[in-house]
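If you use this note's numbering, the sequence shown corresponds to residues 483 to 1052, in order.
For each residue, glycine too, the CB sits at the ideal point set by N, CA and C.
Structure first, commentary second.
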Amino acid sequence: MFKKREYQFEVQAERDGKWVTVHAEEDEHRAKKFAEAHLSSAEGTVLRVTRTRVFENGELGSDYTIWEQPIPAKAERPVSIVPIDDAPMCETFTDLERFEARRCATRLLRRYLDRHFLTATELMHSMREFRRLRDADMLLPSAVSRVSGIQARNAGVDPRKRNDDLFRLVDRQFDRLREAASRGLPSIDAAGPGKAWERAEEYGGPDQQFFYFGVMLSKHLEGAQSWDAKLERIIELKLPRLPQEVDLVLGELIAEVIDGASVLQELLGRQPDLVSALKMLSDLAVGGLEVDKTRQPVLAALNGAFGGANMDTARDVLTARIAREVGGRNDLTRYGGDGDVDALGEIVNRLVDENGRFAGGPDMAEAVASRFSRRFDDLGARGAMERLTREMAELFRLPSARITFLCELLSMPFGHRLAGDIMTVLTAAITRPKHINNFTYYRHPVPRKLRAVLMIRDGIQAASMRDKEKRIFRDRLDQLTCEYLESDEVLGRIDGEALPLVKRLRGLLSLQLSGLLWDGPVLDVVRNRVIRHLTKSTGLEGALAELSEDERPAIRAELKGLLSRAGFGG
483 MFKKREYQFE VQAERDGKWV TVHAEEDEHR AKKFAEAHLS SAEGTVLRVT
533 RTRVFENGEL GSDYTIWEQP IPAKAERPVS IVPIDDAPMC ETFTDLERFE
583 ARRCATRLLR RYLDRHFLTA TELMHSMREF RRLRDADMLL PSAVSRVSGI
633 QARNAGVDPR KRNDDLFRLV DRQFDRLREA ASRGLPSIDA AGPGKAWERA
683 EEYGGPDQQF FYFGVMLSKH LEGAQSWDAK LERIIELKLP RLPQEVDLVL
733 GELIAEVIDG ASVLQELLGR QPDLVSALKM LSDLAVGGLE VDKTRQPVLA
783 ALNGAFGGAN MDTARDVLTA RIAREVGGRN DLTRYGGDGD VDALGEIVNR
833 LVDENGRFAG GPDMAEAVAS RFSRRFDDLG ARGAMERLTR EMAELFRLPS
883 ARITFLCELL SMPFGHRLAG DIMTVLTAAI TRPKHINNFT YYRHPVPRKL
933 RAVLMIRDGI QAASMRDKEK RIFRDRLDQL TCEYLESDEV LGRIDGEALP
983 LVKRLRGLLS LQLSGLLWDG PVLDVVRNRV IRHLTKSTGL EGALAELSED
1033 ERPAIRAELK GLLSRAGFGG
(Lines of atoms letter the chains of each structure in order from A and count residues from 1; the text may use other names and numbers.)
(Lines give C-alpha, C1' and ligand atoms only; values in the text may rest on other atoms or scores of the structure.)
Protein backbone atom coordinates (compact mmCIF):
# COMPACT_ATOMS: atom_id res chain seq x y z
CA MET A 1 0.00 0.00 0.00
CA PHE A 2 1.36 3.42 -0.96
CA LYS A 3 1.57 6.03 1.78
CA LYS A 4 0.19 9.47 1.16
CA ARG A 5 2.87 11.90 0.02
CA GLU A 6 3.52 14.90 2.25
CA TYR A 7 4.64 18.26 0.97
CA GLN A 8 5.71 21.57 2.46
CA PHE A 9 4.83 24.82 0.72
CA GLU A 10 6.89 27.96 1.35
CA VAL A 11 6.33 31.57 0.36
CA GLN A 12 9.76 33.03 -0.39
CA ALA A 13 10.97 36.53 -1.26
CA GLU A 14 14.15 37.32 -3.15
CA ARG A 15 16.19 39.88 -1.24
CA ASP A 16 19.74 40.90 -2.16
CA GLY A 17 20.14 37.81 -4.33
CA LYS A 18 18.93 35.39 -1.63
CA TRP A 19 15.62 33.60 -1.19
CA VAL A 20 14.19 34.23 2.27
CA THR A 21 11.24 32.20 3.59
CA VAL A 22 8.50 34.51 4.85
CA HIS A 23 5.69 31.98 5.39
CA ALA A 24 5.12 28.20 5.34
CA GLU A 25 2.00 26.09 4.87
CA GLU A 26 1.12 22.41 4.47
CA ASP A 27 -1.61 23.26 1.94
CA GLU A 28 -0.87 24.51 -1.58
CA HIS A 29 -4.04 26.59 -1.90
CA ARG A 30 -3.41 28.44 1.40
CA ALA A 31 0.22 29.12 0.44
CA LYS A 32 -0.81 30.68 -2.89
CA LYS A 33 -3.57 32.73 -1.26
CA PHE A 34 -1.06 34.09 1.27
CA ALA A 35 1.38 35.01 -1.51
CA GLU A 36 -1.31 36.77 -3.55
CA ALA A 37 -2.56 38.70 -0.53
CA HIS A 38 0.91 39.88 0.48
CA LEU A 39 2.46 40.50 -2.94
CA SER A 40 2.03 44.28 -2.90
CA SER A 41 3.39 44.68 0.63
CA ALA A 42 6.27 42.17 0.42
CA GLU A 43 9.89 43.30 0.76
CA GLY A 44 12.20 42.28 -2.10
CA THR A 45 12.09 41.88 -5.87
CA VAL A 46 10.28 38.57 -6.50
CA LEU A 47 7.78 36.50 -4.51
CA ARG A 48 7.34 32.78 -5.16
CA VAL A 49 5.71 29.66 -3.74
CA THR A 50 7.76 26.44 -3.67
CA ARG A 51 6.68 22.84 -3.16
CA THR A 52 9.05 20.47 -1.33
CA ARG A 53 8.62 16.76 -0.68
CA VAL A 54 8.99 15.83 3.03
CA PHE A 55 10.18 12.26 3.52
CA GLU A 56 9.29 10.07 6.51
CA ASN A 57 12.74 10.57 8.07
CA GLY A 58 12.24 14.34 8.02
CA GLU A 59 14.61 15.00 5.13
CA LEU A 60 13.54 17.34 2.35
CA GLY A 61 13.48 16.73 -1.38
CA SER A 62 14.15 19.27 -4.13
CA ASP A 63 12.25 22.56 -4.44
CA TYR A 64 9.79 23.16 -7.27
CA THR A 65 8.47 26.66 -7.95
CA ILE A 66 4.70 26.48 -8.47
CA TRP A 67 3.89 30.22 -8.39
CA GLU A 68 6.06 33.29 -8.97
CA GLN A 69 5.39 37.01 -9.41
CA PRO A 70 7.59 40.13 -9.39
CA ILE A 71 6.98 42.36 -6.38
CA PRO A 72 5.62 45.72 -7.60
CA ALA A 73 8.01 48.64 -7.22
CA LYS A 74 6.97 51.05 -4.53
CA ALA A 75 8.26 54.20 -2.94
CA GLU A 76 10.36 53.59 0.12
CA ARG A 77 7.96 53.69 3.01
CA PRO A 78 8.88 55.57 6.17
CA VAL A 79 9.73 53.23 9.01
CA SER A 80 8.30 53.52 12.50
CA ILE A 81 9.49 52.49 15.92
CA VAL A 82 8.67 49.09 17.38
CA PRO A 83 6.63 49.46 20.60
CA ILE A 84 8.56 48.41 23.71
CA ASP A 85 7.41 48.25 27.32
CA ASP A 86 10.70 48.57 29.22
CA ALA A 87 13.81 50.73 28.97
CA PRO A 88 16.82 51.28 31.27
CA MET A 89 17.43 54.74 32.68
CA CYS A 90 19.98 56.75 30.67
CA GLU A 91 21.37 59.90 32.28
CA THR A 92 25.04 59.79 31.24
CA PHE A 93 27.14 58.69 28.29
CA THR A 94 28.16 55.64 30.30
CA ASP A 95 24.49 54.68 30.65
CA LEU A 96 24.01 55.15 26.92
CA GLU A 97 26.92 52.83 26.11
CA ARG A 98 25.82 49.90 28.29
CA PHE A 99 24.60 46.85 26.40
CA GLU A 100 21.15 47.11 28.02
CA ALA A 101 20.70 50.57 26.46
CA ARG A 102 22.04 49.47 23.09
CA ARG A 103 19.73 46.45 23.09
CA CYS A 104 16.80 48.72 23.94
CA ALA A 105 17.70 50.86 20.91
CA THR A 106 18.01 47.70 18.81
CA ARG A 107 14.48 46.59 19.68
CA LEU A 108 12.99 50.07 19.39
CA LEU A 109 14.58 50.83 16.01
CA ARG A 110 14.50 47.27 14.65
CA ARG A 111 12.77 48.21 11.36
CA TYR A 112 15.12 51.11 10.70
CA LEU A 113 18.23 49.12 11.57
CA ASP A 114 17.16 46.18 9.39
CA ARG A 115 16.54 48.49 6.43
CA HIS A 116 20.06 49.90 6.63
CA PHE A 117 21.85 46.81 8.02
CA LEU A 118 23.01 48.70 11.08
CA THR A 119 23.64 47.80 14.70
CA ALA A 120 22.72 50.19 17.50
CA THR A 121 26.43 50.50 18.35
CA GLU A 122 27.18 51.75 14.83
CA LEU A 123 24.23 54.13 14.93
CA MET A 124 25.51 55.67 18.16
CA HIS A 125 29.12 55.99 16.94
CA SER A 126 28.85 57.02 13.29
CA MET A 127 28.43 60.71 12.50
CA ARG A 128 26.91 59.92 9.12
CA GLU A 129 24.39 57.37 10.44
CA PHE A 130 23.44 59.48 13.45
CA ARG A 131 22.74 62.44 11.18
CA ARG A 132 20.67 60.25 8.84
CA LEU A 133 18.56 59.11 11.82
CA ARG A 134 18.01 62.71 12.91
CA ASP A 135 16.81 63.54 9.40
CA ALA A 136 14.38 60.58 9.25
CA ASP A 137 11.15 62.54 9.75
CA MET A 138 9.78 61.97 13.27
CA LEU A 139 11.59 58.68 13.97
CA LEU A 140 14.08 60.01 16.52
CA PRO A 141 11.54 62.19 18.40
CA SER A 142 9.15 59.21 18.52
CA ALA A 143 11.89 56.96 19.87
CA VAL A 144 13.00 59.46 22.50
CA SER A 145 9.40 60.10 23.54
CA ARG A 146 8.70 56.39 23.91
CA VAL A 147 11.83 55.70 25.96
CA SER A 148 11.54 58.80 28.15
CA GLY A 149 7.90 57.97 28.94
CA ILE A 150 8.86 54.49 30.15
CA GLN A 151 11.81 55.86 32.14
CA ALA A 152 9.65 58.54 33.76
CA ARG A 153 7.02 56.00 34.76
CA ASN A 154 9.60 53.63 36.24
CA ALA A 155 11.46 56.37 38.11
CA GLY A 156 8.41 58.36 39.17
CA VAL A 157 9.63 61.63 37.61
CA ASP A 158 8.03 64.28 35.39
CA PRO A 159 7.69 62.89 31.81
CA ARG A 160 8.33 66.25 30.13
CA LYS A 161 11.53 66.84 32.08
CA ARG A 162 12.72 63.29 31.36
CA ASN A 163 12.01 63.82 27.65
CA ASP A 164 13.98 67.08 27.64
CA ASP A 165 16.89 65.50 29.54
CA LEU A 166 17.06 62.55 27.16
CA PHE A 167 16.98 64.85 24.12
CA ARG A 168 19.85 66.86 25.61
CA LEU A 169 21.85 63.64 26.06
CA VAL A 170 21.19 62.70 22.42
CA ASP A 171 22.27 66.18 21.26
CA ARG A 172 25.45 65.94 23.33
CA GLN A 173 26.20 62.56 21.74
CA PHE A 174 25.88 64.19 18.32
CA ASP A 175 28.32 66.90 19.44
CA ARG A 176 30.78 64.20 20.53
CA LEU A 177 30.50 62.52 17.14
CA ARG A 178 31.09 65.82 15.35
CA GLU A 179 34.21 66.43 17.45
CA ALA A 180 35.47 62.88 16.82
CA ALA A 181 34.89 63.30 13.07
CA SER A 182 37.01 66.45 13.07
CA ARG A 183 39.93 64.48 14.56
CA GLY A 184 39.99 62.01 11.66
CA LEU A 185 40.10 58.81 13.70
CA PRO A 186 41.35 55.77 11.79
CA SER A 187 39.41 52.57 11.21
CA ILE A 188 40.13 49.59 13.45
CA ASP A 189 41.61 47.59 10.59
CA ALA A 190 44.54 50.01 10.42
CA ALA A 191 45.98 48.74 13.71
CA GLY A 192 43.83 45.83 14.85
CA PRO A 193 41.29 45.79 17.71
CA GLY A 194 43.84 45.51 20.53
CA LYS A 195 45.88 48.52 19.44
CA ALA A 196 42.70 50.43 18.58
CA TRP A 197 41.50 49.98 22.17
CA GLU A 198 44.77 51.46 23.45
CA ARG A 199 44.54 54.38 21.02
CA ALA A 200 40.94 55.01 22.06
CA GLU A 201 42.16 55.65 25.61
CA GLU A 202 44.79 58.05 24.28
CA TYR A 203 42.09 60.02 22.44
CA GLY A 204 39.69 60.45 25.36
CA GLY A 205 41.03 58.85 28.53
CA PRO A 206 39.39 55.91 30.34
CA ASP A 207 35.98 57.63 30.54
CA GLN A 208 35.68 57.97 26.76
CA GLN A 209 37.62 54.87 25.72
CA PHE A 210 34.49 52.94 24.71
CA PHE A 211 33.20 55.91 22.70
CA TYR A 212 36.33 56.37 20.60
CA PHE A 213 36.70 52.62 20.14
CA GLY A 214 33.08 52.56 18.94
CA VAL A 215 33.84 55.29 16.40
CA MET A 216 36.77 53.31 14.99
CA LEU A 217 34.73 50.10 15.05
CA SER A 218 31.87 51.75 13.14
CA LYS A 219 34.30 52.92 10.46
CA HIS A 220 35.49 49.33 10.06
CA LEU A 221 31.91 48.13 9.52
CA GLU A 222 31.00 50.79 6.94
CA GLY A 223 30.05 49.33 3.60
CA ALA A 224 28.94 45.94 4.96
CA GLN A 225 25.51 46.01 3.31
CA SER A 226 24.19 42.68 4.54
CA TRP A 227 24.03 40.94 7.90
CA ASP A 228 26.30 38.20 6.57
CA ALA A 229 28.96 40.74 5.68
CA LYS A 230 28.48 42.52 9.00
CA LEU A 231 28.92 39.33 11.03
CA GLU A 232 31.93 38.30 8.99
CA ARG A 233 33.73 41.57 9.69
CA ILE A 234 32.96 41.45 13.41
CA ILE A 235 34.02 37.83 13.85
CA GLU A 236 37.27 38.48 11.96
CA LEU A 237 38.16 40.95 14.73
CA LYS A 238 37.68 38.33 17.50
CA LEU A 239 41.32 37.34 17.55
CA PRO A 240 43.04 35.21 20.21
CA ARG A 241 44.48 37.00 23.25
CA LEU A 242 42.49 40.20 22.81
CA PRO A 243 42.04 42.44 25.85
CA GLN A 244 39.02 41.20 27.80
CA GLU A 245 37.15 44.49 27.33
CA VAL A 246 37.55 44.38 23.55
CA ASP A 247 36.46 40.75 23.25
CA LEU A 248 33.38 41.51 25.35
CA VAL A 249 32.43 44.45 23.12
CA LEU A 250 32.73 42.27 20.02
CA GLY A 251 30.62 39.56 21.65
CA GLU A 252 27.96 42.17 22.46
CA LEU A 253 28.07 43.44 18.88
CA ILE A 254 27.38 39.91 17.62
CA ALA A 255 24.45 39.81 20.05
CA GLU A 256 23.03 42.99 18.48
CA VAL A 257 23.19 41.45 15.00
CA ILE A 258 21.55 38.12 15.86
CA ASP A 259 18.83 39.80 17.93
CA GLY A 260 16.79 40.04 14.73
CA ALA A 261 14.77 37.01 13.65
CA SER A 262 15.50 37.53 9.94
CA VAL A 263 19.25 37.26 10.49
CA LEU A 264 19.04 33.82 12.07
CA GLN A 265 16.52 32.64 9.49
CA GLU A 266 18.84 33.61 6.65
CA LEU A 267 21.85 31.99 8.33
CA LEU A 268 20.14 28.68 9.04
CA GLY A 269 18.35 28.39 5.72
CA ARG A 270 15.20 26.37 5.12
CA GLN A 271 14.26 23.82 7.81
CA PRO A 272 11.53 21.14 7.64
CA ASP A 273 9.93 22.13 10.94
CA LEU A 274 10.32 24.27 14.03
CA VAL A 275 12.21 21.70 16.07
CA SER A 276 14.87 21.31 13.37
CA ALA A 277 15.56 25.05 13.52
CA LEU A 278 15.58 25.04 17.33
CA LYS A 279 18.02 22.13 17.46
CA MET A 280 20.37 24.00 15.15
CA LEU A 281 20.11 27.16 17.26
CA SER A 282 20.75 25.13 20.42
CA ASP A 283 23.86 23.57 18.89
CA LEU A 284 24.99 27.02 17.79
CA ALA A 285 24.53 28.46 21.30
CA VAL A 286 27.25 26.16 22.69
CA GLY A 287 29.48 26.19 19.59
CA GLY A 288 28.54 22.62 18.69
CA LEU A 289 26.82 23.08 15.33
CA GLU A 290 28.00 20.82 12.51
CA VAL A 291 28.28 23.11 9.51
CA ASP A 292 30.00 22.99 6.12
CA LYS A 293 32.64 25.75 6.20
CA THR A 294 32.74 25.89 2.41
CA ARG A 295 28.99 26.27 1.87
CA GLN A 296 28.21 28.35 4.97
CA PRO A 297 31.40 30.20 5.97
CA VAL A 298 29.68 32.88 8.06
CA LEU A 299 27.60 30.37 10.03
CA ALA A 300 30.75 28.29 10.60
CA ALA A 301 32.61 31.36 11.85
CA LEU A 302 29.72 32.28 14.15
CA ASN A 303 29.67 28.75 15.54
CA GLY A 304 33.40 29.04 16.23
CA ALA A 305 32.82 32.31 18.07
CA PHE A 306 30.16 30.70 20.28
CA GLY A 307 32.65 27.96 21.10
CA GLY A 308 35.08 30.60 22.38
CA ALA A 309 35.12 33.08 25.25
CA ASN A 310 33.13 36.23 26.06
CA MET A 311 29.97 35.22 24.19
CA ASP A 312 27.62 35.08 27.18
CA THR A 313 25.62 38.12 26.05
CA ALA A 314 25.16 36.74 22.54
CA ARG A 315 24.28 33.35 24.01
CA ASP A 316 21.63 34.97 26.22
CA VAL A 317 20.09 36.63 23.15
CA LEU A 318 20.11 33.35 21.23
CA THR A 319 18.68 31.22 24.04
CA ALA A 320 16.00 33.84 24.71
CA ARG A 321 14.82 33.37 21.13
CA ILE A 322 14.83 29.58 21.56
CA ALA A 323 12.94 29.99 24.84
CA ARG A 324 10.21 32.06 23.18
CA GLU A 325 9.53 29.22 20.74
CA VAL A 326 9.85 26.42 23.31
CA GLY A 327 7.51 28.22 25.70
CA GLY A 328 5.06 29.15 22.93
CA ARG A 329 1.86 27.40 21.91
CA ASN A 330 2.99 26.04 18.52
CA ASP A 331 3.84 22.35 18.21
CA LEU A 332 7.56 21.69 17.99
CA THR A 333 7.10 18.81 15.55
CA ARG A 334 4.68 18.23 12.70
CA TYR A 335 2.32 16.14 14.83
CA GLY A 336 2.97 17.35 18.41
CA GLY A 337 2.16 15.04 21.33
CA ASP A 338 4.86 12.61 22.48
CA GLY A 339 6.96 13.70 19.53
CA ASP A 340 7.20 17.15 21.12
CA VAL A 341 8.48 15.63 24.38
CA ASP A 342 11.22 13.75 22.54
CA ALA A 343 12.07 16.90 20.60
CA LEU A 344 12.24 18.90 23.83
CA GLY A 345 14.74 16.40 25.21
CA GLU A 346 16.90 16.79 22.12
CA ILE A 347 16.83 20.58 22.38
CA VAL A 348 17.73 20.81 26.07
CA ASN A 349 20.58 18.31 25.80
CA ARG A 350 22.04 20.38 22.98
CA LEU A 351 22.09 23.33 25.39
CA VAL A 352 24.49 21.52 27.71
CA ASP A 353 28.02 22.87 27.25
CA GLU A 354 31.27 20.92 27.30
CA ASN A 355 31.51 21.41 31.07
CA GLY A 356 28.22 19.60 31.66
CA ARG A 357 26.36 22.82 32.52
CA PHE A 358 22.90 23.72 31.27
CA ALA A 359 23.72 26.88 29.31
CA GLY A 360 20.17 27.93 28.48
CA GLY A 361 19.73 30.32 31.40
CA PRO A 362 16.66 30.91 33.59
CA ASP A 363 14.31 32.04 30.78
CA MET A 364 14.96 28.84 28.86
CA ALA A 365 14.48 26.78 32.04
CA GLU A 366 11.10 28.47 32.54
CA ALA A 367 10.12 27.76 28.93
CA VAL A 368 11.06 24.08 29.28
CA ALA A 369 8.97 23.79 32.45
CA SER A 370 6.01 25.48 30.78
CA ARG A 371 6.19 23.21 27.72
CA PHE A 372 6.73 19.99 29.73
CA SER A 373 3.89 20.77 32.15
CA ARG A 374 1.39 20.44 29.29
CA ARG A 375 1.77 16.67 29.57
CA PHE A 376 -0.20 16.83 32.82
CA ASP A 377 -3.96 17.26 32.79
CA ASP A 378 -4.13 18.39 36.42
CA LEU A 379 -1.04 19.82 38.12
CA GLY A 380 -3.08 20.13 41.29
CA ALA A 381 -3.45 16.36 41.54
CA ARG A 382 -1.56 14.62 44.30
CA GLY A 383 2.05 13.96 43.33
CA ALA A 384 1.74 15.75 39.98
CA MET A 385 4.24 18.50 40.81
CA GLU A 386 6.79 15.99 42.10
CA ARG A 387 6.40 13.87 38.95
CA LEU A 388 6.70 16.94 36.76
CA THR A 389 9.95 18.00 38.46
CA ARG A 390 11.53 14.55 38.41
CA GLU A 391 10.55 13.64 34.84
CA MET A 392 11.55 17.06 33.55
CA ALA A 393 15.00 16.73 35.12
CA GLU A 394 15.32 13.29 33.55
CA LEU A 395 15.17 14.90 30.11
CA PHE A 396 18.88 15.57 30.62
CA ARG A 397 21.39 12.79 30.09
CA LEU A 398 24.08 14.24 32.39
CA PRO A 399 23.34 14.61 36.13
CA SER A 400 25.35 17.85 36.21
CA ALA A 401 23.00 19.28 33.58
CA ARG A 402 19.93 18.22 35.58
CA ILE A 403 21.26 19.95 38.67
CA THR A 404 22.29 23.20 36.94
CA PHE A 405 18.96 23.28 35.08
CA LEU A 406 16.96 23.01 38.32
CA CYS A 407 19.16 25.68 39.92
CA GLU A 408 18.31 28.06 37.05
CA LEU A 409 14.60 27.21 37.27
CA LEU A 410 14.46 28.10 40.98
CA SER A 411 14.75 31.82 40.17
CA MET A 412 11.71 31.83 37.85
CA PRO A 413 7.95 31.95 38.58
CA PHE A 414 7.37 28.32 37.56
CA GLY A 415 10.34 27.35 39.70
CA HIS A 416 8.77 29.10 42.70
CA ARG A 417 5.71 26.86 42.32
CA LEU A 418 7.94 23.78 42.21
CA ALA A 419 10.46 24.95 44.83
CA GLY A 420 9.77 22.22 47.39
CA ASP A 421 9.90 19.44 44.80
CA ILE A 422 13.00 20.92 43.17
CA MET A 423 14.81 20.93 46.52
CA THR A 424 13.81 17.29 47.08
CA VAL A 425 15.24 16.28 43.70
CA LEU A 426 18.39 18.39 44.23
CA THR A 427 18.98 16.92 47.69
CA ALA A 428 18.87 13.39 46.32
CA ALA A 429 21.00 14.28 43.29
CA ILE A 430 23.76 15.94 45.34
CA THR A 431 23.87 14.14 48.70
CA ARG A 432 23.37 10.52 47.62
CA PRO A 433 26.26 10.06 45.14
CA LYS A 434 29.38 8.31 46.45
CA HIS A 435 31.75 9.53 43.73
CA ILE A 436 32.00 12.53 41.43
CA ASN A 437 31.56 10.13 38.52
CA ASN A 438 27.89 10.19 39.53
CA PHE A 439 27.72 13.81 38.33
CA THR A 440 29.22 13.29 34.88
CA TYR A 441 30.31 10.64 32.40
CA TYR A 442 32.84 8.34 34.07
CA ARG A 443 35.11 8.23 31.00
CA HIS A 444 35.53 11.99 30.84
CA PRO A 445 39.09 13.19 31.54
CA VAL A 446 39.94 14.60 34.96
CA PRO A 447 39.62 18.30 33.95
CA ARG A 448 36.09 17.79 32.57
CA LYS A 449 35.00 15.97 35.72
CA LEU A 450 36.34 18.75 37.94
CA ARG A 451 34.76 21.43 35.74
CA ALA A 452 31.40 19.64 35.94
CA VAL A 453 31.51 19.75 39.75
CA LEU A 454 32.65 23.38 39.64
CA MET A 455 29.68 24.26 37.40
CA ILE A 456 27.32 22.54 39.84
CA ARG A 457 28.88 24.43 42.73
CA ASP A 458 28.56 27.77 40.90
CA GLY A 459 24.95 26.95 40.00
CA ILE A 460 24.12 26.24 43.63
CA GLN A 461 25.82 29.43 44.78
CA ALA A 462 23.73 31.53 42.35
CA ALA A 463 20.46 29.66 42.95
CA SER A 464 17.46 31.06 44.83
CA MET A 465 17.70 28.83 47.89
CA ARG A 466 18.49 29.30 51.57
CA ASP A 467 22.11 29.68 52.69
CA LYS A 468 21.78 26.60 54.89
CA GLU A 469 20.87 24.42 51.91
CA LYS A 470 23.65 25.92 49.82
CA ARG A 471 26.15 25.11 52.56
CA ILE A 472 24.98 21.49 52.83
CA PHE A 473 25.28 21.00 49.07
CA ARG A 474 28.68 22.74 48.85
CA ASP A 475 30.08 20.70 51.73
CA ARG A 476 29.02 17.45 50.09
CA LEU A 477 30.57 18.45 46.77
CA ASP A 478 33.78 19.48 48.56
CA GLN A 479 33.93 16.14 50.35
CA LEU A 480 33.49 14.10 47.17
CA THR A 481 35.99 16.25 45.27
CA CYS A 482 38.64 15.92 48.00
CA GLU A 483 38.21 12.14 47.95
CA TYR A 484 38.54 12.16 44.18
CA LEU A 485 41.69 14.29 44.26
CA GLU A 486 43.32 11.90 46.70
CA SER A 487 42.61 8.95 44.40
CA ASP A 488 45.05 7.25 42.04
CA GLU A 489 43.26 8.91 39.12
CA VAL A 490 44.44 12.39 40.12
CA LEU A 491 47.13 12.92 42.75
CA GLY A 492 48.22 9.31 42.46
CA ARG A 493 49.35 10.18 38.93
CA ILE A 494 50.98 13.57 39.46
CA ASP A 495 52.30 13.05 42.99
CA GLY A 496 53.25 9.39 43.02
CA GLU A 497 56.12 8.27 45.27
CA ALA A 498 58.14 7.00 42.30
CA LEU A 499 58.17 10.41 40.56
CA PRO A 500 61.04 12.92 40.93
CA LEU A 501 60.24 15.61 43.49
CA VAL A 502 60.60 18.42 40.95
CA LYS A 503 58.05 16.77 38.67
CA ARG A 504 55.67 16.27 41.59
CA LEU A 505 55.93 19.94 42.59
CA ARG A 506 55.39 21.07 39.00
CA GLY A 507 52.29 18.89 38.67
CA LEU A 508 50.80 20.01 41.99
CA LEU A 509 51.37 23.70 41.31
CA SER A 510 49.99 23.43 37.77
CA LEU A 511 46.85 21.76 39.12
CA GLN A 512 46.47 24.48 41.75
CA LEU A 513 46.75 27.18 39.07
CA SER A 514 44.48 25.42 36.56
CA GLY A 515 41.28 27.15 37.70
CA LEU A 516 39.69 23.73 38.27
CA LEU A 517 39.89 23.93 42.07
CA TRP A 518 38.25 26.34 44.48
CA ASP A 519 39.12 27.90 47.83
CA GLY A 520 38.56 25.80 50.91
CA PRO A 521 39.18 22.10 51.53
CA VAL A 522 39.55 21.27 47.83
CA LEU A 523 42.40 23.71 47.18
CA ASP A 524 43.96 22.84 50.55
CA VAL A 525 44.40 19.21 49.48
CA VAL A 526 46.91 20.32 46.85
CA ARG A 527 48.45 23.23 48.78
CA ASN A 528 49.16 21.05 51.80
CA ARG A 529 51.02 18.56 49.65
CA VAL A 530 53.20 21.33 48.23
CA ILE A 531 53.93 22.60 51.74
CA ARG A 532 54.83 19.07 52.95
CA HIS A 533 57.24 18.53 50.05
CA LEU A 534 58.97 21.87 50.56
CA THR A 535 59.20 21.35 54.32
CA LYS A 536 60.58 17.83 53.94
CA SER A 537 63.19 18.92 51.39
CA THR A 538 64.06 22.08 53.40
CA GLY A 539 62.78 24.42 50.73
CA LEU A 540 63.08 24.79 47.00
CA GLU A 541 66.85 24.35 46.91
CA GLY A 542 66.49 21.00 48.63
CA ALA A 543 63.99 19.92 45.97
CA LEU A 544 66.47 20.95 43.26
CA ALA A 545 69.29 18.94 44.79
CA GLU A 546 68.41 15.87 42.73
CA LEU A 547 69.11 17.81 39.51
CA SER A 548 72.44 18.44 37.82
CA GLU A 549 74.07 21.87 38.09
CA ASP A 550 73.20 22.61 34.45
CA GLU A 551 69.50 21.83 34.92
CA ARG A 552 68.96 23.82 38.10
CA PRO A 553 68.80 27.46 36.87
CA ALA A 554 65.94 26.92 34.39
CA ILE A 555 63.94 24.63 36.71
CA ARG A 556 64.54 27.00 39.65
CA ALA A 557 63.14 29.95 37.66
CA GLU A 558 60.15 27.89 36.50
CA LEU A 559 59.24 26.63 39.98
CA LYS A 560 59.76 30.06 41.55
CA GLY A 561 57.31 31.50 39.05
CA LEU A 562 54.75 28.77 39.77
CA LEU A 563 55.16 29.16 43.53
CA SER A 564 54.73 32.93 43.30
CA ARG A 565 51.58 32.65 41.17
CA ALA A 566 50.20 30.03 43.56
CA GLY A 567 50.61 32.38 46.52
CA PHE A 568 53.72 30.85 48.11
CA GLY A 569 55.86 33.94 47.63
CA GLY A 570 58.45 32.22 45.42
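For the pair Ala805 and Asp845, the CB atoms are nearer than the 7 Å cut-off.
Taking the Cα positions, Thr534 is about 55 Å away from Arg958.
Under the 10 Å beta carbon count, Lys701 is surrounded by 16 or more other beta carbons and is classified as buried. The C-beta separation of Met937 from Gly838 comes to about 6 Å, placing the pair in contact by the 8 Å criterion.
Closest in alpha carbon position to Ala911, among Ala863, Thr871 and Ala602, is Thr871.
Of the candidates Gly526, Glu541, His520 and Asp545, Asp545 places its Cα closest to the Cα of Thr532. Here Arg958 carries a helix assignment [DSSP, helix/strand/coil]. Per DSSP, the unbroken beta strand (DSSP E) holding Asp545 starts and ends at Leu542 to Pro552. The stretch 885-905 and the stretch 935-954 touch, with no fewer than 3 CB-CB distances between them shorter than 8 Å. Per DSSP, the beta bridge partners of Gln490 are Thr534. Non-local C-beta neighbours of Gln994 in its own chain, meaning closer than 8 Å and more than five positions away in sequence, comprise Leu1005, Val1008, Arg1009, Val1012 and Ala1048, ordered along the chain. With the rule of 3 Cβ pairs closer than 8 Å, the stretch 753-763 does not count as touching the stretch 733-740. Within the model, the alpha-carbon separation for Leu877 versus Gly827 is close to 5 Å. Arg797 and Asp741 have their alpha carbons spaced roughly 10 Å apart. Ala602 sits in a helix when the DSSP states are folded into three classes. Rounded to whole angstroms, the separation of the alpha carbons of Leu861 and Glu890 is 21 Å. The alpha carbon of Ser708 has as its nearest neighbour, out of Ser744, Lys677 and Asp689, the alpha carbon of Ser744.
Between Leu730 and Asn792, the C-beta spacing is below 7 Å. Ranked by Cα distance from Ser855, the options Arg930, Tyr685 and Glu873 are led by Glu873. In the three-state scheme derived from DSSP, where H, G and I count as helix and E and B as strand, Glu1028 is classed as coil.
By the neighbour-count definition (other C-beta atoms within 10 Å, threshold 16), Met698 is a buried residue. With fewer than three CB-CB distances shorter than 8 Å, the stretch 962-975 does not count as touching the stretch 1014-1031. The C-alpha of Leu721 lies about 47 Å from the C-alpha of Glu488.
By the Cβ neighbour-count rule, Gln943 is exposed, with fewer than 16 other Cβ atoms within 10 Å of its own.
In the displayed model, Phe840 falls within a strand according to three-state DSSP.
Contact annotation: Pro554 and Ser522 have beta-carbon atoms nearer than 7 Å. For the set Ala782, Glu836 and Pro570, the Cα lying nearest the Cα of Arg585 is the one of Pro570. With 16 or more neighbouring CB atoms inside 10 Å of its own CB, Tyr594 falls in the buried class.
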